[in-house]
Amino acid sequence: MVTRFKKCFSFLLIFLLIFNLAACSSTKNTVKEENQKEVKEEAFTEKTKVPEINLWITSQTYDPVRYEAGLMIANSWKKLGFKVNTTALEWATMSSEGMKAHKHDAFMIQWGGKAERIDPFHWLYSLHHSSEAVEGGYNIAGYENPEYDKLAEEFASNMDWEVRKQKAYKMQEILAQDVPQPPLVHRKLTMAYNKENFENAIMAMGEGLYSFWNWVNITPKVDRKIIRFGTVSDLKLLNPLTTKTGQDIYMLRLIYDPLIRIDRDGKPIPWAAQSYRTVDDKIIEVVLRDGMKFHDGKAVTVDDVKFTFDFAREVKSPYYLSKLKKLDKVEKVDDKTIRFVLKEPFAPFISNGLALVGILPKHIWEKEYKERGAEGILSWENLPAIGSGPYKYEYWRPNEEFKLSSFDEHFNAPKVKGILRIPYAQTYGVVQGLKSGEIDVAGLNLLPLQIEELKDSSFLAFDEIDDQGYYMLHYNMRKAPFNDVNVRRALTYAIPKDQIIELVFGGRAVPAYSTVAAVNKFWHNENVEKLGNDIEKAREILKEAGFRWDKEGKIYFPKDYKVKGYYSDN
Amino acid sequence: MRSMKYILKRILQMILTLFILVTILFFLFRVVPGDPVSMYIDSGLDKESQELLLKQYGLDKPLLEQYIIYIKSMLRGDFGNSFQYGKPAITVIGERFWNTLVLMITSLAISLCIGVFGGALLAWKRGTKIDTVGTILVLAVRCAPVFWTGMLFLSIFAFKLKLLPLGGMNTPGTNFVSLYDKFFSADFLKHLILPALTASLYSAATPLLVMRSSMLEVVKEDFIELVRAKGVKEKKILYKHAMRNALLPVITVFAVQAGFAIGGSVLIETVFRWPGMGREIVLAVSARDYPLAQTAFFLIGTMTALFNLIADVLYAYLDPRVVIN
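Residue numbers (this note's numbering), protein chains in the order written: chain A, 1 to 570; chain B, 571 to 895.
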């Protein structure tokens, strides 16, 4: 009995001893680790490591440009010591996560250079004013610079174009230094048409052969006077109140006449208006053109004009409402004259408001409105679409063909008899259609390989113009390290713009440095800082700002790091 | 009486299946990231307009409420308005449906003929050169992607020989008064040949191989020996006795194929510019047009279930040994 107890006791003792030893040695270890950590704190710890950058790209088939250029940019950033992850996302996902929710680190999109963006309100105000930095707003980078905001507000509200230009110049300079979201490259838009069948085609700034001016100028050389126009995708909805795709808008512009149109150089000119003048900062007076008719034969009156603007706001048309935010009321002065009264001075109202709203026939829409109600009118398919424009609606078989015929009573009647629009579902089809002579005009920006394929077809003419839209890389200033101006500048300097143009575009693009395109001569500021193509300069900027690299070349934040958000903080 | 009861039971099962399908579809599309509005931000949809549109689409309500509204209106036969086209989703599909149907029925008919007779022939000539070459050929065609065969046909028949049109359903610029005009013209038939041929070559392989192996089973059976011993002609044995009995598995395979075919073939419709449902479904999914995508998939589901039911009933007719219960 006793021996047994002894045995147990000694066992317990030994056990305790071992336990003790083990505990001691483990405390020793933790102390050691803590010491090491302290040493690391001064040098390279997880805490001071620059966070990984997630660069969103598209799949190669969706847009080879964004895919290839994205990989090149990521490689270049890796050379600076950043950890970069590229993820290919579908457009619907990228747009809702990035464009809308602003959850990105960095991603690229191709901003279209539509005619209404020639007045750089979109580029300079919408994309960069702090009021747009909320969810769903255009200020995707989250750029909130009070100095810039002030300039932007003056730019928007001053009616004097020279003053606006001055402000625009200054804004471009600030943006080029702060680089919240650098423009990368402008494509050289290249489009082709059949020169044996048609002549006088017009490649306009921003829109190429899609331009309104092309469709009223292009002239047949042969007996077949209906022009065949091949595109990739079909139209969706020809209701001007709810349309949202660019393709619909291009066609609606031919069917409906706005009071003002943007001419080829981006200047607003009277269209359905005989003339217009600004009475004061907040009042614009428009005299309606004489003798205009809708396609159903009824005359276009001042009442139709007033109705259009009142109606669009009454039913809360998603498309028109944003264009008419600053409009207070529309007043009929007499049978030919109408006044637009603004809530506050807003210079782009003429080019981005009056020029985008097509006049609707009151007698049709009032009747439909009564039958369908506000919600019903917004989803009405509006066929046949009746406007007063140079083309009238003929028929539409979805995914097959869409036909417009010329409205000969129009004051600027087209030279062709009509347009037959054929959706091909894929670019390959459009190119083959052009090659085989099935279509006369391709609504497609041709890529180098496609030009190569078409160049032996001697009946084709190729026109090109620099795009005023661009590929833009959107950083997210709400997140580190993009909240730091020096990081943004360095990353932008590291972008191999020239190499991208050479390798991805086959030379058919020009580098973009300013937020307003060089092709937009009136507004573009040549003398902005030009960031790009210089990885050494990028490293220098980071070094000067105190960023450090460990033995493996990974980048770390400076000691006693203070974020500098804007160039003026330096 | 008994068979009526069986059919009724099957129909009830079908309705339950479809209800589950609708529920899964509803949540599946909404769980996927992305929404039908934000993809138009870059083309000029500002934040107020986005909110207006979401409200117009009814997407501002809680998910469960949306689901209840959806089920309720579906029971009334209202599938909702397409976000892209404004008009009812069922109308949008109706416009594309006939185009797909004509193409698919043609190609299924061709592929069934090739499949049944080809399969029977290969099995009958088992071990000969015809069988070896034929099987290899069928497998090769089956492995070739449809878009590739399609483009090959296009470049030969449309580009080089200029015999057939490049694509579409009619020569651009033809306008018609009625559906009859559209589908019953020489021009339409010319446009139908290449896509129908491409589709049927691809879809003939499965029934053909099934038919072949089923035939091989059947010819080993005793009754074939028996009829042969009776002195019946070889051709008659093949057509009347062997083929009829070998047909059963082909029917099942074919019913499933037909159900899917209603959804159209995206690749064929894209290559040949055919204005059918397949193209539309892909567009609807990538544009997050929930009502349109849901309706389209619902239709495909219904068709697949329906064809399966028909196949089962047909079984009993073709093979008296199958007893329905």
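Note that the Cβ used here is the ideal one computed from N, Cα and C, for glycine as well. Only a predicted model underlies this, so the values are computations on that prediction, with no experimental measurement involved.
Proximity of chain B to K100 (chain A) at the Cβ level (cut-off 7 Å) is accounted for by S608 and I611, in chain order.
Residue state for S783 (chain B) is assigned as helix, using DSSP reduced to three classes.
Identification of chain B residues near A425 (chain A) by a Cβ-Cβ cut-off of 8 Å yields E839, T840, R843 and R849, ordered along the chain. Check the Cα spacing between K521 (chain A) and each of A:N412, A:K370, A:I495 and A:D466: the tightest is with A:D466. Here DSSP, grouped into helix, strand and coil, assigns D466 (chain A) to strand. The secondary-structure analysis by DSSP pairs F229 (chain A) across a beta bridge with A:R421 and A:V441.
The continuous beta strand (DSSP E) containing F340 (chain A) extends over residues T337 to L342.
Rounded to whole angstroms, the separation of the alpha carbons of K625 (chain B) and V222 (chain A) is 50 Å. Taking CB atoms only, Q432 (chain A) has a neighbour in chain B less than 8 Å away.
Annotation: Cβ neighbours of V134 (chain A) in chain B (cutoff 9 Å, chain order): K617. One thing to note: F229 (chain A) has its Cβ within 8 Å of the Cβ of I422 (chain A). In the structure shown, the three-state DSSP call for T61 (chain A) is coil. Taking 3 residues as the minimum length, the beta strand (DSSP E) runs contained wholly in the stretch 49-135 of chain A are 53-57, 84-88 and 106-111, in order along the chain. Y655, G656, K657, V662, E665 and R666: these are the residues of the stretch 655-667 of chain B whose beta carbon lies less than 8 Å from some beta carbon of chain A, given in chain order.
Residue pairing by DSSP places E401 (chain A) opposite A:R397 in a beta bridge. Where K188 (chain A) is concerned, the enclosing beta strand (DSSP E) starts and stops at P183 to N194. Annotation: L288 (chain A) has no Cβ neighbours in chain B at a cutoff of 8 Å; minimum Cβ distance is about 27 Å. Using a Cβ-Cβ cut-off of 8 Å, T86 (chain A) does not count as an interface residue toward chain B, since no Cβ of chain B sits closer than that to its own. Using beta-carbon distances, K236 (chain A) counts as an interface residue toward chain B, with a partner under 8 Å. Under the 8 Å criterion on CB atoms, Y143 (chain A) is classed as non-interfacial with respect to chain B. Uninterrupted alpha helix (DSSP H) stretches at least 4 residues long and entirely within the stretch 140-174 of chain A occur at 146-157, given in chain order. Secondary structure remark: continuous alpha helix (DSSP H) runs of at least 4 residues inside the stretch 587-658 of chain B, in chain order: 617-627 and 633-645. Counting along the chain, R261 (chain A) sits inside the beta strand (DSSP E) bounded by residues I260 to I262. Neighbours of E438 (chain A) across chain B, judged by C-beta separation under 8 Å: L736 and P742. Residue-level contact check: Q636 (chain B) does not touch chain A, since none of the beta carbons of chain A fall below 8 Å from its beta carbon. Two segments are said to touch when three or more pairs of C-beta atoms, one from each, lie closer than 8 Å; by this definition the stretch 84-103 of chain A does not touch the stretch 230-247 of chain A.
Beta-bridge analysis with DSSP links P511 (chain A) to A:V185. Residues are counted here when their Cβ sits less than 7 Å from a Cβ of chain A; for the stretch 585-606 of chain B these are P603, G604 and D605, given in chain order. In this structure, D263 (chain A) sits away from I255 (chain A), with a CB-CB distance that is not shorter than 8 Å. Taking a cut-off of 8 Å on C-beta distances, the stretch 854-867 of chain B touches the stretch 588-606 of chain B, as three or more cross pairs fall below it.
Closer than 8 Å to the CB of S856 (chain B) there is at least one CB belonging to chain A. Against chain A, the beta carbon of M739 (chain B) has neighbours under 7 Å at E400, listed in chain order. The three-state secondary structure of I555 (chain A), taken from DSSP, is strand. Using beta-carbon distances, N412 (chain A) does not count as an interface residue toward chain B, since no partner is under 8 Å.
With fewer than 16 neighbouring CB atoms inside 10 Å of its own CB, L578 (chain B) falls in the exposed class. Linking G437 (chain A) to F653 (chain B) through their CA atoms gives a straight-line distance of about 35 Å.
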